[in-house]
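Those letters in the sequence shown? Residues 77 to 341, per our numbering, in order.
All C-beta atoms in this analysis are idealised placements derived from N, C-alpha and C, irrespective of residue type, glycine included.
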Amino acid sequence: MSDQTANLIRKIDPSGNVKTLSTNLPLEDPSGIKFDPFTGDKYVSCKDSSQIYKIDSMEQFSLFAGSSSGSSSLQNGDRLNSLFNGPFFMDIDPERNLYVGELGNHTIRKIDLNSGNVSTLSGGISGYLDGDLASARFKSPLGIAYNHKTDSLLAADIQDHRIRKIDLKTSTVSTLLGNGVGADVDGNGTNASFFGPAFISLDNSGYMFVSDANSNRIRIVDPLLNVSTIAHTFMSIGVVKVDCLNQRLLVTDSSANQIFQVKFE
77 MSDQTANLIR
87 KIDPSGNVKT
97 LSTNLPLEDP
107 SGIKFDPFTG
117 DKYVSCKDSS
127 QIYKIDSMEQ
137 FSLFAGSSSG
147 SSSLQNGDRL
157 NSLFNGPFFM
167 DIDPERNLYV
177 GELGNHTIRK
187 IDLNSGNVST
197 LSGGISGYLD
207 GDLASARFKS
217 PLGIAYNHKT
227 DSLLAADIQD
237 HRIRKIDLKT
247 STVSTLLGNG
257 VGADVDGNGT
267 NASFFGPAFI
277 SLDNSGYMFV
287 SDANSNRIRI
297 VDPLLNVSTI
307 AHTFMSIGVV
317 KVDCLNQRLL
327 VTDSSANQIF
337 QVKFE
């Protein structure tokens, strides 16, 4: 897990023991972490330095993408010549493409982990617009989740207060959830309201769990796109991660400096 304020990466084993991974590299606001199931490597996005680091199986850190000086911009190409602006949460598909929600450039970036090539999948202009990948607009997309069942990405468009769907087969962007009004109002699909959706996690049954950053609540979306809300209010909700094996959610709260679990009976 990323300990943003401390600029550390921590590891928690199944028994609950916490270990800090050691590195001499300057991690600046580590935000997202994604595990590559094909190699065992982990990728860490650092928002403030606009860099992405790799942690290998020996727990060694190296710069994987972005400028070595921490420069921010939008530049595609080879991973070490590429530039980012506020990379945040990430997810990976079966072809080993790493998708990155990028706050500053309002984009979804794509990193081919096999070739090291970086490209812009969609976005680049702040706003709200559905359509083809080149035309679509986002406003600080934060959370990214790959849906294996539909070969699509779900993006938490935090400032647009919507959940967007990026269909990788048809190369189109549509609005799946939210009407753009910043509120925590339950309902179906685009009749529901979100208030700063930040992170998305999917379970094996087609349920979606969304952290609503401004209301500090967890929203649950069933396979029919009905949205409901868990009653508990956190201090400053961050990541909501499904732990299917133990039938629970793991929830980070940055103000409380704690990790909570939500158990399902």
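Helix, strand or coil at residue i according to DSSP, with G and I counted as helix
i    : result
T266 : helix
S138 : strand
D169 : coil
H320 : In the sequence under discussion, the amino acid at residue 320 is Cys, which differs from the His named in the question. It is coil, neither helix nor strand.
F111 : strand
D260 : coil
R345 : Nothing about residue 345 can be read from this structure; the chain reaches only from 77 to 341.
L326 : strand
G272 : coil
G162 : coil
I306 : coil
Whole-angstrom distance between residue j and residue i, CA atom to CA atom
i    : j    : result
S145 : L300 : 46 angstroms
G203 : S91  : 44 angstroms
S191 : S330 : 35 angstroms
P339 : I306 : The sequence shown places Lys at residue 339, not Pro. Their Cα atoms are separated by approximately 12 angstroms.
A274 : M134 : 31 angstroms
D236 : V316 : 20 angstroms
D188 : V194 : 6 angstroms
V120 : S78  : 8 angstroms
S255 : N292 : Sequence inspection shows Asn at residue 255; the Ser mentioned does not correspond to that position. Distance between the alpha carbons of N255 and N292: 19 angstroms.
R238 : I296 : 14 angstroms
S304 : G153 : 42 angstroms
N100 : N161 : 23 angstroms
G282 : F336 : 23 angstroms
Y129 : S138 : 6 angstroms
S211 : I201 : 9 angstroms
D298 : S198 : 26 angstroms
N181 : G314 : 21 angstroms
T328 : M311 : 10 angstroms
A268 : L159 : 36 angstroms
C320 : Q136 : 29 angstroms
K186 : A232 : 16 angstroms
I85  : N322 : 23 angstroms
Q334 : L326 : 10 angstroms
Proximal residues to residue i (C-beta, below 8 angstroms), its chain only, five neighbours per side dropped
i    : result
N157 : Q151
E104 : N83, C122, K123, D124, S125, Q127 and G146
G272 : I234, Q235, H237, G258, D288, A289, N290 and S291
N223 : L229, L230 and L278
I184 : Y175, V176, G177, E178, T196, L197, S198, G199, F214, P217, I220, L229, A231 and I242
Any non-hydrogen atom of the ligand ATP closer than 6 angstroms to residue i Cβ
i    : result
Q151 : This structure simply doesn't include the ligand ATP, nor any ligand for that matter.
Residues near residue i by beta carbon distance below 7 angstroms, same chain, minus five either side
i    : result
G116 : S133
D227 : L244 and K245
6 angstroms CB neighbourhood of residue i in its chain, flanking five on each side removed
i    : result
F270 : H237, G254 and D288
* So, do the region 206 to 219 and the region 235 to 255 have three or more beta carbon pairs nearer to each other than 8 angstroms? -> yes
* Asked: Touch check for the region 87 to 102 and the region 170 to 177: three-plus C-beta pairs under 8 angstroms?
  -> no
* **Meets three-Cβ-pair contact criterion under 8 angstroms: the region 210 to 222 and the region 253 to 262** => Per the Cβ contact rule, the region 210 to 222 is not in contact with the region 253 to 262 (fewer than 3 Cβ pairs under 8 angstroms).
* Whole beta strand (DSSP E) elements within the region 177 to 263, 3-residue minimum -> 183 to 188, 193 to 199, 217 to 223, 228 to 233, 238 to 243 and 248 to 253
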